[in-house]
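J.:
Residue numbers (our numbering): 7 to 484.
What follows is the structure, given as structure tokens:
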């Protein structure tokens with residue numbers, strides 16, 4: 007069996023075992039001394055019993071008082087108890103039954119859980135048996151057995167060696183168990199300190215296999231608990247952040263839902279306005295069509311007016327030619343009248359009437375010329391006004407054509423506006439549906455956010471509980 011160097015805690019435990027062993031050996035010595043007195047009384051040798059027993063008991067008491075718990079006290083107490091068993095054999099004249107004390111004492115020596123007192127006791131018994139057997143054979147008055155018999159003594163020695171060998175093994179096992187118990191006790195006391203579980207056992211020395219395993223296990227548990235504590239702290243911080251984020255998200259979601267409701271109402275108003283605009287655009291398109299048709303009709307009328315004005319201008323030019331002819335005809339009597347007046351003057355009385363007629367003709371010619379001149383002036387003014395009217399009518403025709411073109415353009419634009427308005431109406435309807443769906447989704451998201459907030463709060467509570475549980479473990483001593 008492998009023996010390990012004991013730790014300080016196990017050394018204290020072994021010292022306590024040694025002190026207990028010394029007490030047991032002292033009590034054994036007291037009992038053996040009393041037994042020696044009884045045997046001495048029985049075998050009429052009380053003086054030897056008192057003298058030898060008293061001396062051995064005094065030595066045992068001194069060792070116990072002066073060096074209890076040390077190797078020296080164990081050696082002295084072992085020697086004294088071996089001497090007392092030898093005294094029993096001597097007082098009983100070598101009676102075999104008193105040899106049982108050898109085996110009883112060897113059994114009691116296990117109280118030390120140390121092989122050294124056992125080997126010392128076995129060696130002393132071996133020396134006692136051999137020496138006393140030889141002295142008994144020389145008839146010196148000492149006894150080992152009823153009759154000196156070296157072979158029998160050797161047989162006793164073999165039994166003592168066999169028992170001692172087994173007890174040495176048992177002592178080693180018991181000592182190892184004691185060391186293990188002490189180290190385990192130290193570790194357990196360290197773990198169960200101040201009502202909390204202290205896992206800081208790195209500085210503790212462990213030599214026993216079970217203590218080494220327990221120490222390693224506690225260190226691994228400490229590492230795991232440290233990781234769990236770190237994770238629990240991280241989870242607690244993360245859940246607090248998640249709870250804060252969920253709260254902010256919930257507020258923003260509620261604001262978004264409110265904004266979406268307002269947007270939906272605004273979109274409904276816009277949709278109504280666009281529908282009204284579309285209806286107005288359709289009416290405007292009809293008015294534009296009618297205006298375009300009226301402009302086309304007006305254009306045709308102006309075109310006819312322009313043609314009529316051209317005819318009037320042409321007629322005024324022909325009237326000017328006629329006036330020139332009239333003027334020329336009116337001018338001829340004006341030329342002929344003086345000649346007629348001269349001829350009437352030569353004729354005398356016969357030509358007086360002709361002269362009057364010539365004068366009237368001349369006067370008529372002058373009035374005709376004057377009238378022709380006025381007509382020419384009037385016709386010239388009319389021609390000028392006709393020309394001006396023709397120009398104005400031409401400009402009006404150009405304007406009407408522009409109006410017709412612009413009316414057609416307006417009609418086209420209004421048609422495009424009407425089509426765009428219809429498309430906008432359809433698009434706004436789709437947007438309204440999308441906003442309504444988005445509002446529904448937002449409401450659902452708000453509910454999910456509330457559930458997530460509740461879950462994160464529960465998780466934070468669980469993390470706090472886990473932190474509290476982990477807090478029961480002390481990973482580092484203060």
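Even glycine gets a Cβ: it sits at the ideal position worked out from N, Cα and C.
Output needed for residue 409: all residues of its chain with C-beta closer than 7 Å, excluding positions within five of it in sequence on either side, in chain order.
T.: The answer, listed in chain order, is 301.
J.: Roughly how many angstroms lie between the CA atoms of residue 101 and residue 18, to the nearest whole one?
T.: Residue 101 and residue 18: Cα-Cα distance of roughly 42 Å.
J.: Decide if residue 9 is buried, meaning its Cβ has at least 16 other Cβ atoms within 10 Å, or exposed.
T.: Confidence in residue 9 is poor, its pLDDT being 42 and thus under 50, which makes the residue's placement unreliable; the coordinate value appears in the next sentence. Exposed is the call here.
J.: Is the separation between the beta-carbon of residue 263 and that of residue 442 shorter than 7 Å?
T.: The answer is no: Cβ separation not under 7 Å.
J.: Alpha carbons only, please: which of 27, 157, 140 is nearest the one belonging to residue 69?
T.: Ranking 27, 157, 140 by Cα distance to residue 69 puts 27 first.
J.: When you compare the CB positions of residue 241 and residue 469, do they come within less than 7 Å of one another, or not?
T.: Cβ distance < 7 Å, so residue 241 and residue 469 count as in contact.
J.: Classify residue 175 as helix, strand or coil using the three-state DSSP reduction.
T.: Residue 175: helix per DSSP, three-state reduction.
J.: Can you tell me where the alpha helix (DSSP H) with residue 94 in it begins and where it stops?
T.: Residue 94 -> alpha helix (DSSP H) spans 77–97.
J.: If you measure between the beta carbons of residue 58 and residue 32, is that distance less than 7 Å?
T.: Contact: no.
J.: Return the chain-ordered list of same chain residues with a C-beta closer than 7 Å to the C-beta of residue 435, the five sequence neighbours on each side being excluded.
T.: Around residue 435: 277.
J.: Helix, strand or coil, according to DSSP, for residue 411 in the structure here?
T.: Three-state DSSP puts residue 411 in a helix.
J.: Could you compute how far the alpha carbon of residue 466 sits from the alpha carbon of residue 215?
T.: Approximately 42 Å, taken between the alpha carbons.
J.: Alpha carbon to alpha carbon, how far is residue 389 from residue 303? Give it in angstroms, no decimals.
T.: Going from the Cα of residue 303 to the Cα of residue 389 covers about 28 Å.
J.: Got a sec, what are the start and stop residues for the alpha helix (DSSP H) residue 55 sits in?
T.: 52–73 is the extent of the alpha helix (DSSP H) around residue 55.
J.: Looking only at C-alpha atoms, which of 151, 129, 43 sits nearest to residue 139?
T.: If we check each option's Cα against that of residue 139, 151 comes out closest.
J.: Under a three-way DSSP split, which group does residue 149 fall into?
T.: Three-state result, residue 149: coil.
J.: Does DSSP put residue 9 in a helix, a strand or coil?
T.: Note that residue 9 scores a pLDDT of 42, beneath 50, so its modelled location is shaky; the value from the coordinates is reported in the next line. Here residue 9 sits in coil by DSSP.
J.: Would you identify the three-state DSSP class for residue 278, choosing helix, strand or coil?
T.: Note: residue 278 maps to helix in three-state DSSP.
J.: When DSSP labels each residue in this structure, what does residue 144 get in the three-state scheme?
T.: Coil at residue 144, not helix or strand.
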